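K.L.:
Taken in order, these protein sequences are the chains called A and B.
Quick note: the first sequence, position 67, residue 67 per the numbering used here, numbers continuous.
Every position in the second sequence, counted from 1, becomes a number in the numbering used here once 337 is added.
Using N, Cα and C, we set each Cβ at its ideal position, and we do this for glycine too.
These numbers come from a predicted model, not from an experiment.
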Amino acid sequence: MGFHVNAQQFDQWLAGLKEDYDVYAPVCIRGGSIYSDADCIRYGKIDRIEDVVFDKKSEYSFKEAMIPVSETLFYFTEEDCTVPPARKKGAVIFLRSCDLSAVQRLDDMYLGNGPEDFYYERIRSRIRFVLMGCSKSFDSCFCVSMGTNTASRYDLCVNVRTDGFAVDCPNREWAEFFMHCGCEEQPVTPDRVTENRTKVTLPENLSTEVYRASLWDEYNKRCINCGRCNFVCPTCTCFTMQDLFYTENGKVGERRRVWASCMVDGFTDVAGGGSYRKKNGERMRFKVMHKVFDYKERNGYHMCVGCGRCDDICPEYISFSRILNRLEDGMKEVSGS
Amino acid sequence: MTQNRYLPFPSRILDVIKHTDIEYTFRMEFSGEVKPGQFFEVSIPKYGEAPISVSGIGENYVDLTIRRVGKVTNEVFEHYTGDTLLMRGPYGNGFDLDNYRGKELVIIAGGTGVSPVRGVISWFGDHPEERKGMTIITGFKSEKDILFKEDFRRWRNQMNVILTLDAGEETEDHKIGLVTKFIPDLELADVSLAQAIVVGPPAMMRFSVQGLLARGFKEENIWVSHERKMCCGLGKCGHCKIGDTYVCLDGPVFNYTKGKTLID
């Protein structure tokens, strides 16, 4: 069901959500950039629709609002382990179609791929999604190539218009609000981009043979294995378990899981000093192949959603989409044709 | 509601068997389904968790042979009989004994690699009617690094045992040389049907498998077990992933036809 909604009406709706939900959206953090005197667009809680940044891409993904960077699994005392209570409120998260596609990847990892994850499930079951229509593509986006420029599983979709917002609201409970506050009904479909400046073509014959290609060697030097690409990626889910304690005698503390990066040293370390993928080029190959090859072997569709955030964040100007476009030559090189 | 699989349970240490200065077997209270080759996440609050493979299974206990090489395992060694450790698991697929029933069996293991196969060796040692000829080739660095000395005494009466050390003097009990040295001379009734298990450090596994293939073993009759960092054991944390494979879920035991495709 579609509506034309003005800012005031939108804010009323947001106010009504407050009791049950925290609302997260891309916001502008003044001076929050890694560069001096520059702002950062990342996820934060909002009260009003004008807080939402629609005209820029968020540097960090919605993942921050959904999966805590550091999550306490349980507290321990000498005798007991106590699981912290679930968040009091659910969450409403504003995100674009690439990111909504990423939610499916997170679901498949945490709810599938082995047993269902207790901590993810209890957060996920209380999240509602607001799709932000995309009227234009940003520079590094390649959602069209990855087939993530459309999304359907949303509770509400919002397109920005000069005189307000065009809203599609499949969530019936929410739709009642817009009906009752006098929003004009109109058919609304999510704005979406149909062409990106960045295009990616993956070779159809892509296989693990490409491990042997020379293209990876370049990243031994160029990549500084800082892991930023993993932390901005909406589909990266890896974590590491971590114990910490509050008291001198170490008897009281907590076990956490914290985001981890396959690019950073220590990711594969086993007891006694063994480790795998020591070169940065090997790590790059591991990450790239996970995003566009082996995840698909396991789940039937690509992990990468083409949001391009890894391109934007890389301090060495390494372009992930460029690597994807080099895979074809890589396959030619190893197959000798 | 979804079960919280990250919560460990306390398990009492029933016995501690000292093999070397840095390798002890902790006999832990446990009742439940468990197979050799599977692993537990063993933890001590404040120090963290470590994946430890099952080296023995008995009524109401599992043996965990632990090498003192890290933050967690250092602390485990400060615990004694009667103390408790936290555990969760078992995880992984483990060895399926059915794959080796009625067959000739060769097991090649290096160092702590003997732990995950100890259950397999003991079971087929105690049940000779369940298999044909059996040879184990086990390698350790030196005499003081030999694990499971008591088991070896029993195993020597049950099967063909080759115990070899990297360096030192050859004696009646052990030979000198890498495990690969003894593969070409393996005496087998029918190599095309014989099964082999290889567990140990990556280089040792690679060269042992090469040796077995050269000796005429079929790829599908070779089994390997991989050691990787496993933070969660549940297919989530990503540390043990190799290509499309999660060692904690799909392994750690792999048939070599699959194992050979795993490139880190």
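Find the residues of chain A that neighbour Pro453 (chain B), judging by a C-beta separation of less than 7 angstroms, and give them in chain order.
P.N.:
Translated into the one-based positions of the second sequence, residue 453 (chain B) becomes position 116. Within chain A, no residue comes near Pro453 (chain B); the closest Cβ sits about 14 angstroms away, beyond 7 angstroms.
K.L.:
Report the residue ranges of all beta strand (DSSP E) runs contained in full by the segment 37 to 61 of chain A; include only those spanning at least 3 residues, in chain order.
P.N.:
You should have 40 to 45.
K.L.:
Mapping DSSP to helix, strand and coil, what is Gln9 (chain A)?
P.N.:
Against the first sequence, residue 9 (chain A) aligns to sequence position 9. DSSP places Gln9 (chain A) in helix when its eight states are reduced to three.
K.L.:
Check each residue of the segment 366 to 388 of chain B: if its Cβ is closer than 9 angstroms to any Cβ of chain A, include it; give the result in chain order.
P.N.:
If the cut-off is 9 angstroms between Cβ atoms, the segment 366 to 388 of chain B has Glu378, Ser380, Ile381, Pro382, Lys383, Tyr384, Gly385, Glu386, Ala387, Pro388 near chain A.
K.L.:
On the premise that Ala102 (chain A) lies in contact with Thr235 (chain A), defined as a C-beta separation below 8 angstroms, what is that separation, rounded to the nearest angstrom?
P.N.:
If you number the first sequence from 1, residue 235 (chain A) lands on position 235. If you number the first sequence from 1, residue 102 (chain A) lands on position 102. That belief holds up - the Cβ atoms of Thr235 (chain A) and Ala102 (chain A) are roughly 5 angstroms apart, short of 8 angstroms.
K.L.:
Please check the pair Leu422 (chain B) and Ile474 (chain B), which I expect to be a contact at CB under 8 angstroms, by giving their CB distance rounded to whole angstroms.
P.N.:
The residue you call residue 422 (chain B) lines up with position 85 of the second sequence. The residue you call residue 474 (chain B) lines up with position 137 of the second sequence. At roughly 32 angstroms, the Cβ-Cβ gap does not stay under 8 angstroms, so Leu422 (chain B) and Ile474 (chain B) are not in contact.
K.L.:
Out of A:His302, A:Arg128, A:Lys57, A:Cys98, state which residue places its alpha-carbon closest to the alpha-carbon of Leu206 (chain A).
P.N.:
The residue given as residue 206 (chain A) occupies position 206 in the first sequence. Comparing Cα positions, the closest option is A:His302.
K.L.:
Going along the chain, which residues of its own chain have a beta-carbon closer than 6 angstroms to the beta-carbon of Ser390 (chain B), five neighbours each way excluded?
P.N.:
Working through the second sequence from its first residue, we reach residue 390 (chain B) at position 53. Phe376, Ser452, Pro453, listed in sequence order.
K.L.:
Going by alpha carbons, who is nearest to Asp139 (chain A) out of A:Asn196, A:Arg172, A:Asp217?
P.N.:
Here residue 139 (chain A) refers to the residue found at position 139 of the first sequence. Of A:Asn196, A:Arg172, A:Asp217, the residue nearest in Cα terms is A:Asn196.
K.L.:
Taking its Cβ as the centre, do 16 or more other Cβ atoms sit within 10 Å of His511 (chain B), making it buried, or is it exposed?
P.N.:
Position 174 of the second sequence, counted from the first residue, corresponds to residue 511 (chain B). Buried.
K.L.:
Check distances from the C-beta atoms of the segment 268 to 284 of chain A to those of chain B and list, in chain order, the residues that come in under 9 angstroms.
P.N.:
Of all residues in the segment 268 to 284 of chain A, Thr268, Asp269, Val270, Ala271, Gly272, Gly273, Gly274, Ser275, Tyr276, Arg277, Glu282 have a Cβ within less than 9 angstroms of some Cβ in chain B.
K.L.:
How would you write the range of the alpha helix (DSSP H) that Cys229 (chain A) sits in, first residue to last?
P.N.:
As a position in the first sequence, residue 229 (chain A) is number 229, starting the count at 1. Here the alpha helix (DSSP H) through Cys229 (chain A) covers 228 to 232.
K.L.:
Does Val601 (chain B) get closer than 8 angstroms to chain A when you measure Cβ to Cβ?
P.N.:
Within the second sequence, residue 601 (chain B) is the residue found at index 264, counting from 1. Looking at the sequence shown, residue 601 (chain B) is not Val but Asp. With 8 angstroms as the cut-off, Asp601 (chain B) counts as an interface residue toward chain A.
K.L.:
Applying the criterion that 16 or more other CB atoms from any shown protein chain within 10 Å of the CB defines a buried residue, is Ser145 (chain A) buried or exposed?
P.N.:
Position 145 of the first sequence, counting from 1, holds the residue named residue 145 (chain A). Burial call: buried.
K.L.:
Please classify His180 (chain A) as buried or exposed, where buried requires at least 16 neighbouring CB atoms within 10 angstroms.
P.N.:
Position 180 of the first sequence, counting from 1, holds the residue named residue 180 (chain A). With fewer than 16 other Cβ atoms within 10 Å, it is exposed.
K.L.:
List the whole-angstrom C-beta distance separating Gly306 (chain A) from Cys98 (chain A), where the pair is believed to meet the contact cut-off of C-beta under 8 angstroms.
P.N.:
As a position in the first sequence, residue 306 (chain A) is number 306, starting the count at 1. As a position in the first sequence, residue 98 (chain A) is number 98, starting the count at 1. About 6 angstroms separates the two Cβ atoms, so the contact holds.
K.L.:
Strictly by DSSP, which residues pair up with Asp294 (chain A)?
P.N.:
Counting from 1 along the first sequence, the entry for residue 294 (chain A) is found at position 294. In DSSP, Asp294 (chain A) forms no bridge with anything.
K.L.:
From the DSSP secondary-structure annotation, give me the bridge partner or partners of Gln242 (chain A).
P.N.:
Working through the first sequence from its first residue, we reach residue 242 (chain A) at position 242. Gln242 (chain A) is bridged to A:Arg256.
K.L.:
Can you check DSSP and say which residues form a bridge with Phe129 (chain A)?
P.N.:
Position 129 of the first sequence holds residue 129 (chain A). According to DSSP, Phe129 (chain A) bridges with A:Ile93.
K.L.:
Roughly how many angstroms separate the alpha carbons of Ile46 (chain A) and Tyr24 (chain A), rounded to a whole number?
P.N.:
Mapped onto the first sequence, residue 46 (chain A) falls at position 46. Mapped onto the first sequence, residue 24 (chain A) falls at position 24. If I take the Cα positions, the gap works out to 6 angstroms.
K.L.:
What separation, rounded to the nearest whole angstrom, lies between the Cα atoms of Asp243 (chain A) and Ser36 (chain A)?
P.N.:
Counted from its first residue, the first sequence places residue 243 (chain A) at position 243. Counted from its first residue, the first sequence places residue 36 (chain A) at position 36. Rounded to the nearest angstrom, the two C-alpha atoms are 34 angstroms apart.
K.L.:
With 8 angstroms as the limit, tell me which residues of the segment 394 to 407 of chain B have their beta carbon closer than that to any beta carbon of chain A; keep them in chain order.
P.N.:
Here the close residues are Arg404, Val406, Gly407.
K.L.:
Check the DSSP bridge columns for Ser70 (chain A) and list the partner residues they point to.
P.N.:
By 1-based counting over the first sequence, the position of residue 70 (chain A) is 70. Looking at the DSSP assignment, Ser70 (chain A) forms a beta bridge with A:Val258.
K.L.:
Can you look up Arg342 (chain B) in the DSSP assignment and give me helix, strand or coil?
P.N.:
Here residue 342 (chain B) refers to the residue found at position 5 of the second sequence. Arg342 (chain B): coil per DSSP, three-state reduction.
K.L.:
Would you tell me roughly how many angstroms separate the C-alpha atoms of Phe62 (chain A) and Thr162 (chain A), rounded to the nearest one?
P.N.:
Within the first sequence, numbered from 1, the residue matching residue 62 (chain A) stands at position 62. Within the first sequence, numbered from 1, the residue matching residue 162 (chain A) stands at position 162. Taking the straight line from one Cα to the other gives about 26 angstroms.
K.L.:
With a CB to CB cut of under 7 angstroms and the five nearest residues on each side skipped, what residues in its chain are close to Phe286 (chain A)?
P.N.:
Along the first sequence, one-based indexing puts residue 286 (chain A) at 286. These residues qualify, in order along the chain: Cys262, Arg277.
K.L.:
Bridge partners of Ala175 (chain A), per DSSP?
P.N.:
Here residue 175 (chain A) refers to the residue found at position 175 when the first sequence is read from its first residue. None, per the DSSP bridge assignment.
K.L.:
Beta carbon of Tyr7 (chain A), beta carbon of Glu50 (chain A): below 8 angstroms?
P.N.:
Taking the first sequence and counting its residues from 1, the one referred to as residue 7 (chain A) is at position 7. Taking the first sequence and counting its residues from 1, the one referred to as residue 50 (chain A) is at position 50. Correcting the residue type first, residue 7 (chain A) is Ala in the shown sequence and not Tyr. Yes, these two residues count as a Cβ contact at 8 angstroms.
K.L.:
Among the candidates A:Met241, A:Glu64, A:Ser319, whose CA atom is the shortest distance from the CA of Pro388 (chain B)?
P.N.:
In the second sequence, counting from the first residue as 1, residue 388 (chain B) sits at position 51. Of the listed residues, the one whose Cα sits closest to Pro388 (chain B) is A:Met241.
K.L.:
In the DSSP output, what is Asp631 (chain B) paired with across the bridge?
P.N.:
For residue 631 (chain B) there is no data in the structure shown, the boundaries of chain B being 338 and 601.
K.L.:
Going along the segment 54 to 77 of chain A in order, which residues come within less than 7 angstroms of chain B, judged by CB to CB distance?
P.N.:
Listed by position along the chain: Leu73, Phe74, Phe76.
K.L.:
Would you call the segment 427 to 444 of chain B and the segment 400 to 417 of chain B touching, i.e. three or more CB-CB distances under 8 angstroms?
P.N.:
The segment 427 to 444 of chain B vs the segment 400 to 417 of chain B: no contact.
K.L.:
Does the segment 347 to 356 of chain B come close enough to the segment 461 to 471 of chain B that 3 or more CB-CB pairs lie under 8 angstroms?
P.N.:
The segment 461 to 471 of chain B is not in contact with the segment 347 to 356 of chain B.
K.L.:
Can you pull the chain B residues whose beta carbon is under 7 angstroms from the beta carbon of Asp243 (chain A), in chain order?
P.N.:
Translated into the one-based positions of the first sequence, residue 243 (chain A) becomes position 243. Going along chain B in sequence order, the residues near Asp243 (chain A) (Cβ under 7 angstroms) are Pro382, Lys383, Tyr384, Gly385.
K.L.:
Could you check if Val516 (chain B) is buried or exposed, using at least 16 other CB atoms within 10 Å of its CB as the buried criterion?
P.N.:
In the second sequence, residue 516 (chain B) corresponds to position 179, counting from 1. So Val516 (chain B) counts as buried.
K.L.:
Skipping 5 residues on each side, what residues in its chain have a beta carbon closer than 6 angstroms to that of His356 (chain B)?
P.N.:
Locating residue 356 (chain B) in the second sequence gives position 19, where the first residue counts as 1. So the qualifying residues of the chain are Leu484.
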